[in-house]
């Protein structure tokens, strides 16, 4: 607080100068004044955009549910043709079909073994869908901190130059501050993009997992019904 008062008092005592013409600059030229700290921020931005676009395209394909194919698969299971049902499920690219294929791999196992195999495969499919998501979480946290770090370094440099020269010039301070605040703004923007992408992708993954659970439960019911029918005289 004392430093701020001294700074404001010094600014007030500065001699008045004629107003200079204001020159507008492009956003790109302003952005380039942020300093070297922008390099890792830009790298994180590129990584976040790549992961978001790649995962969004992948999850969009995996999130589609082929109800016609699933109906045919259930028909095969109810008919007792587990081998053909397992081959058909394994040939599909959807996670839910991969889970069912894992349960139908060995028809002579108990229902508990079938269910455990499906659960293991479900965890494997979820792990594949979540691959790379941790980088988005890291970017959402690190990019704003890098921006603040660049701003702090800039402010330290400004006051160091003032201490060496002994001259308090409002133009030097204002130019240095607005240039270093660019780091904070850029870091926050990249963090917002990464966090938004992380949240949206997690939401899509949750929907696919829910759909996978529903499909797996329906398949388990069909397998149980087929085995109950087989043991009846």
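Numbering (this note's numbering), first residue to last: 413 to 645.
No residue lacks a Cβ here, since even glycine has one placed at the ideal position from N, Cα and C.
Going straight from the alpha carbon of residue i to that of residue j, what length do you get?
i	j	result
residue 471	residue 541	7 Å
residue 467	residue 515	27 Å
residue 593	residue 460	22 Å
residue 551	residue 572	31 Å
residue 534	residue 630	15 Å
residue 451	residue 560	14 Å
residue 529	residue 509	13 Å
residue 538	residue 617	8 Å
residue 566	residue 547	28 Å
residue 489	residue 536	23 Å
residue 409	residue 575	Because the chain spans 413 through 645 in this model, residue 409 falls outside it and cannot be assessed.
residue 476	residue 564	48 Å
Please return the same chain residues whose Cβ sits closer than 8 Å to the Cβ of residue i, not counting the five positions on each side in sequence.
i	result
residue 474	505, 506, 507, 541, 620
residue 373	Summary: the structure shown does not reach residue 373, with the chain confined to residues 413 through 645, and so no result is reported for it.
Near residue i, which residues of its chain fall below 6 Å by C-beta distance, leaving aside the five closest residues on each side in sequence?
i	result
residue 464	609
residue 613	467
Since residue i and residue j should fall inside the 8 Å C-beta cutoff, what is the C-beta to C-beta distance between them, to a whole number of angstroms?
i	j	result
residue 628	residue 512	7 Å
residue 500	residue 486	11 Å between Cβ atoms; not a contact.
residue 558	residue 599	5 Å
residue 498	residue 517	6 Å
Quick one: is residue i near chain D, going by C-beta distance under 8 Å?
i	result
residue 623	Included in the structure is just one protein chain, with no chain D present.
Which same chain residues end up closer than 7 Å to residue i when comparing Cβ atoms and leaving out the 5 residues on each side of it in sequence?
i	result
residue 469	none
residue 625	none
Segment contact flag, the region 452-463 with the region 603-615, C-beta cutoff 8 Å, min 3 pairs:
Three or more beta-carbon pairs drawn from the region 452-463 and the region 603-615 are found closer than 8 Å, and the two stretches are therefore classed as touching.
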